[in-house]
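Residue numbers (UniProt numbering): 1 to 138. Glycine residues also receive a C-beta, built at the ideal position from the N, C-alpha and C atoms. Please read all numbers here as calculations on a predicted model, not as lab measurements. Inspection log for the structure reproduced underneath, given as structure tokens.
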Amino acid sequence: MNEMIILIAQSSRLDAFRAAVELELDGHTVVGPTSSSGEAIVLARSRRPALALIDIDLETEGAGARLARQLQSELSVPVILATSDEKRARHHADCALGRLLQPFDETELPSVMHFASAVIRGEVRENPVTHAFELYAD
1 MNEMIILIAQ
11 SSRLDAFRAA
21 VELELDGHTV
31 VGPTSSSGEA
41 IVLARSRRPA
51 LALIDIDLET
61 EGAGARLARQ
71 LQSELSVPVI
81 LATSDEKRAR
91 HHADCALGRL
101 LQPFDETELP
111 SVMHFASAVI
121 RGEVRENPVT
131 HAFELYAD
């Protein structure tokens, strides 16, 4: 298993908490969770996560996508955008490793994160067998 440091930035505190618990039970270190773009950047700069799970509409419409761009450009942190709007997520595919369909089943998170870790390491390039996650990486 490849444990990672994962930043969680979600508008729903309950979803963020559930995701954090599930990922910690799987052996990952969770940074946050937070519902603030500003706090997410501060946490990312200090903790250097290997991956970020970001709500596309973190504080306002599109705030998560802006945060994803900042995390990628400043810190090279791969991002998974969480949203129920697949079309909007694809519009931001340039700043995301992929899209996790919201509402998501937190019990699927460990397998999605393991898959994302394999993609980051260059071991996998195909979409997983789950409708909840769509890979954007080339």
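Residue from the options with nearest C-alpha to residue i
{"i": "Ser-84", "options": "Asp-94, Leu-58, Val-124 and Ser-76", "result": "Leu-58"}
{"i": "Glu-3", "options": "Leu-25, Ala-19 and Glu-74", "result": "Leu-25"}
{"i": "Leu-67", "options": "Ser-37, Ala-89, Ser-76 and Arg-47", "result": "Ser-37"}
{"i": "Gly-62", "options": "Arg-90, Ser-73 and Ala-19", "result": "Arg-90"}
{"i": "Ser-73", "options": "Pro-103, Ile-41 and Ala-132", "result": "Ile-41"}
{"i": "Gly-27", "options": "Ser-111, Val-124 and Glu-123", "result": "Ser-111"}
Cα-Cα separation, residue i to residue j
{"i": "Ile-120", "j": "Pro-49", "result": "13 angstroms"}
{"i": "Val-30", "j": "Glu-86", "result": "25 angstroms"}
{"i": "Gln-70", "j": "Ser-117", "result": "20 angstroms"}
{"i": "His-92", "j": "Leu-100", "result": "13 angstroms"}
{"i": "Tyr-136", "j": "Leu-43", "result": "25 angstroms"}
{"i": "Glu-39", "j": "Ile-5", "result": "16 angstroms"}
{"i": "Leu-75", "j": "Arg-45", "result": "7 angstroms"}
{"i": "Val-124", "j": "Val-77", "result": "18 angstroms"}
{"i": "Gly-122", "j": "Asp-94", "result": "18 angstroms"}
{"i": "Arg-88", "j": "Glu-126", "result": "21 angstroms"}
{"i": "Thr-60", "j": "Arg-47", "result": "25 angstroms"}
Nonlocal neighbours in the same chain, by C-beta distance under 6 angstroms from residue i, ignoring five residues either side
{"i": "Asp-55", "result": "Gln-10, Ser-11, Gly-64 and Ala-82"}
{"i": "Ala-16", "result": "Ile-8, Gln-10 and Pro-33"}
{"i": "Ser-35", "result": "Ser-11"}
{"i": "Met-113", "result": "none"}
Residue j beta carbon less than 7 angstroms from that of residue i
{"i": "Leu-23", "j": "Leu-109", "result": "yes"}
{"i": "Ala-52", "j": "Val-21", "result": "no"}
{"i": "Phe-115", "j": "Ala-132", "result": "no"}
Buried or exposed by the 16-neighbour rule on C-beta atoms within 10 Å, applied to residue i
{"i": "Leu-14", "result": "exposed"}
{"i": "Glu-134", "result": "buried"}
Other residues of its chain near residue i: CB distance less than 7 angstroms, five sequence neighbours each side excluded
{"i": "Arg-18", "result": "Glu-106"}
Residue i CB to nearest heavy atom of the ligand ATP below 6 angstroms
{"i": "His-28", "result": "Of the ligands one can find in the structure shown there are none, so the ligand ATP has no counterpart to examine."}
Chain-order list of residues whose beta-carbon lies under 8 angstroms from that of residue i (same chain, five-residue window excluded)
{"i": "Gln-102", "result": "Asp-15, Asp-55, Ala-82, Thr-83 and Ser-84"}
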